[in-house]
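Inspection log for the structure reproduced underneath, given as structure tokens.
Numbering (the working numbering), first residue to last: -9 to 146.
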């Protein structure tokens, strides 16, 4: 269980550090294209979705992506919107308690997913305004890809 505690601490630190002063449509485009290019280099295929205040700013399903990935994105985004935490954090949080996110009786697993890949789009001093989400890789890789893309955008 120590592994889970360490991972949860890392995930919480990511959420604290990956906050923006502002995030506009051009930033969404840059983040989305960064993710697509990075995945292309790996020879993989994902679907990427970036929303702000309910508006889709970027959505792309790469060649080879599946239709199911869009539904995973919807479910992961619902999780972030409800808990204001990354979908990976939520899944690991329940695992750290000896349960699974899917076992939570008040959450319909048709609507929510505690799998990595959706990250809260946070504006410093404002809070949650949207999500940056990837689906198509292993959940830890989906999460890491979003984190790397947001970090790259913050460093611009």
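Glycine included, every Cβ here is placed at the ideal spot set by N, Cα and C. Just so we're clear, the structure is a prediction, and the values are computed from it rather than from any experiment.
CB contact flag (residue i, residue j, <8 Å)
i           : j           : result
residue 2   : residue 79  : yes
residue 77  : residue 103 : yes
residue 106 : residue 133 : yes
residue 40  : residue 22  : yes
residue 125 : residue 62  : yes
residue 119 : residue 8   : no
residue 92  : residue 65  : no
residue 86  : residue -5  : yes
Continuous alpha helix (DSSP H) stretch holding residue i: start and end
i           : result
residue 133 : 129 to 144
residue -3  : -8 to 7
Simplified DSSP state of residue i, which is helix, strand or coil
i          : result
residue 68 : helix
residue 81 : helix
residue 40 : strand
Nearest-angstrom Cα separation, counted from residue j out to residue i
i           : j           : result
residue 90  : residue 97  : 11 Å
residue 53  : residue 35  : 6 Å
residue 20  : residue 143 : 7 Å
residue 127 : residue 38  : 11 Å
residue 26  : residue 15  : 16 Å
residue 29  : residue 12  : 26 Å
residue 6   : residue 145 : 15 Å
residue 81  : residue -3  : 11 Å
residue 141 : residue 95  : 35 Å
residue 71  : residue 44  : 10 Å
Residue span of the beta strand (DSSP E) that contains residue i, given as start and end
i           : result
residue 29  : From DSSP, residue 29 is part of no beta strand (DSSP E) but of the alpha helix (DSSP H) over 15 to 32.
residue 207 : There is no way to answer for residue 207, as the model of the chain reaches only from -9 to 146.
residue 49  : 45 to 51
residue 108 : 108 to 113
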